Every structure is written in structure tokens, then in C-alpha cells.
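First residue of the sequence shown? That's 72 in my numbering, and the numbers climb one at a time after it.
The beta carbon of each residue, even a glycine, is placed where N, CA and C say it ideally should be.
For clarity, every value in this text was computed on a predicted model and none was experimentally measured.
Below you'll find the structure, written out as C-alpha cells, and then a few comments.
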Amino acid sequence: MKMPTELKQGYERFRLERFRIEADRYKAVAEGQRPRTMIVGCADSRVDPATIFSAAPGELYVVRNVAALIPPCERGGGYHGTSAALEFAVKELKVSNIVVMGHDLCGGIAASLMVAEKRPVGDFIAPWIDQISGIRDELLERGDVVDPSLRQQALERMAIQHSLDNALTFPFIQSAVESGRLTLHGAWFSIGVGELHWLDWDTGVFEHVGD
Ligand SMILES: [Zn+2]
């Protein structure tokens with residue numbers, strides 16, 4: 072199958088521009104990766120962690136899925152891609168930070184709200200996002216956020232905190248956090264304005280980073 076033109080052109084630019092500038096770094100990281108931070112991000116095409124954090128190759132260990140969720144620790148069957156990435160990052164790479172980065176206008180979070188309205192969502196998306204149905208129902212029952220877009224933003228941020236709670240259900244994460252080797256963080260990115268908000272653990276508020 073012929074390579075799609077935009078991918079070919081992008082790759083050619085990578086070879087001519089970025090790779091040429093960073094050839095030494097690529098050579099160095101080929102010896103082994105030692106990223107200090109793992110990002111759990113959304114698959115959404117607009118929220119690439121390497122772009123948002125201006126990261127060079129080897130700096131960020133990234134796993135992306137629908138809605139940037141960390142599932143609870145489950146040992147049963149199933150293909151636990153995100154859990155496997157967490158295990159590798161913490162036990163082998165010994166990262167110092169895990170950042171769960173959600174974002175506004177998230178289709179995965181919107182799908183969770185659609186399920187609540189009995190609207191259909193995908194066969195694979197439905198069971199995946201079912202893990203946040205408890206906090207979604209909590210938000211809807213509370214009923215204090217009426218505006219649909221603000222309600223979605225509230226659920227986006229609650230899902231980040233829920234993922235951080237789930238992270239602690241993995242024994243290797245809990246012990247690394249308890250011993251001070253690992254810190255968990257929450258972040259939420261607003262696409263249209265390119266702004267990041269960082270979770271303050273003490274207040275539970277996502278604070279705008281910068282000015
Ligand atoms: Zn998303």
C-alpha cells in the first residue's frame with residue numbers, strides 16, 4: 072500500500088529538519104531510554120504531550136488512550152495496555168512523575184455523558200468509559216453544573232482525579248509513592264487557547280499554569 076502523501080512529506084521534513092538537528096540525541100537515546108516523566112494522555116489528535124511540553128526524544132514516556140484514563144488494577148483476562156505501560160514505567164524505567172493529562176472537548180468524556188442520555192456509543196468505547204460512570208452519575212445527581220460544556224469540563228477534571236485514585240490501586244505505584252520515589256500529578260489542557268491547568272492536591276483545584 073502506498074504511503075499517504077502527508078505522512079511521506081512529514082517524514083521527509085523530519086529527516087531534513089528535526090533529525091538533522093537532533094541526530095546526536097537520537098544516537099544517545101538509542102543506547103537506552105531514561106525518561107523522568109510518564110504521561111497518560113488522550114488519543115485525541117490535538118493534545119500531543121511531546122508538543123505541549125516541548126519534549127525531545129527520550130524525555131517523556133507516553134501512553135495515550137480514549138479519555139486519558141488509568142483503569143483500576145485488575146488481574147483478570149483482557150489486554151491491559153495502559154496497565155502494562157504503567158508497570159514498565161514504574162518498575163523498569165523508574166520514572167519520578169506520572170502525569171494524567173485530560174483536556175477540554177474530550178470525545179471520550181462526551182461519550183460517557185451520551186451513555187447517560189441513552190445515546191449510542193461505540194462497542195469498544197462503551198465498556199472502556201464505563202469505568203467513569205460512577206463519577207459521572209455522581210456529577211449528574213449533584214446537578215449543580217447545568218451548562219452542558221461546563222458539565223463536560225467538570226467531568227473531564229473529575230476523571231483525571233479518578234484516574235489518579237485508580238493509579239494507587241496498583242501495588243507498585245502505591246509503594247513507589249509511599250517511599251517518595253514517585254509523584255502523581257493531574258493536568259488539563261485547553262485546546263483552543265493552548266493553556267495548561269495543573270491540579271493542586273491541597274485544594275483539588277486545577278490552577279492555570281503561568282501568568
Ligand atoms: Zn480526549
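Among all residues, which have a Cβ less than 6 Å from at least one non-hydrogen atom of ligand 1, and in what chain order do they fall? Spelled out in chain order, the answer is Cys-113, Asp-115, Ala-138, His-174, Cys-177, Gly-178, Gly-179.
Report the rounded CA-to-CA distance for Ile-123 versus Gly-148, giving the unit in angstroms. Looking at the two C-alpha atoms, the distance is approximately 35 Å.
Distance between Val-171 and Ile-110 (C-alpha atoms, nearest Å): 6 Å
Alpha carbon to alpha carbon, how far is Asp-95 from Ile-180? Asp-95 and Ile-180: Cα-Cα distance of roughly 40 Å.
In terms of residue numbering, what span does the alpha helix (DSSP H) encompassing Ser-167 cover? Boundaries cannot be given for Ser-167, as no alpha helix (DSSP H) includes it and DSSP labels it neither H nor E.
For the candidate residues Leu-267, Val-133, Gln-202, Val-161, whose alpha-carbon lies nearest to that of Ser-250? Val-161
By how many angstroms is the C-alpha of Met-185 removed from the C-alpha of Leu-176? Near 14 Å, if we compare the C-alpha coordinates of Met-185 and Leu-176.
Assuming Leu-131 contacts Thr-108 under a Cβ cut-off of 8 Å, what Cβ separation, rounded to an integer in Å, is found between them? Confirmed, Cβ separation roughly 6 Å.
Given that a residue counts as buried once 16 or more other Cβ atoms are within 10 Å of its Cβ, and exposed if not, what is Gln-223? buried
List the whole-angstrom C-beta distance separating Arg-231 from Val-137, where the pair is believed to meet the contact cut-off of C-beta under 8 Å. The amino acid occupying residue 231 in the given sequence is Ile; Arg does not appear at that position. Not really, about 14 Å apart at Cβ, beyond 8 Å.
Please tell me whether Gly-173 and Glu-227 are closer than 9 Å, where the distance is taken between their beta carbons. yes
Do you know offhand how far Glu-77's Cα is from Arg-86's? 14 Å
Let me know the beta strand (DSSP E) ranges lying completely inside the segment 194-266, each 3 residues or longer, listed in chain order. 254-261
Per the DSSP calculation, Phe-277 is bridged to which residue(s)? Leu-270
For Val-134, the first and last residue of its enclosing beta strand (DSSP E): 131-136
Return the CA-CA distance between Gly-81 and Ala-126, expressed in angstroms with no decimal places. 18 Å
Spell out the partners DSSP gives Thr-108 in its beta bridges. Per DSSP, Leu-131, Asn-168.
Which of the three DSSP states, helix, strand or coil, is assigned to Gly-152? helix
Could you spell out the range, first to last residue, of the alpha helix (DSSP H) harbouring Glu-141? Residue identity check: residue 141 is Ile in the sequence provided, not Glu. First-last for Ile-141: undefined, no H or E at that position.
Assign Leu-221 to one of two classes, buried (16 or more other C-beta atoms within 10 Å of its C-beta) or exposed (fewer than that). Burial call: exposed.
Quick one, which of Ile-169, Ala-182, Lys-189 has its alpha-carbon nearest Phe-195's? Ala-182
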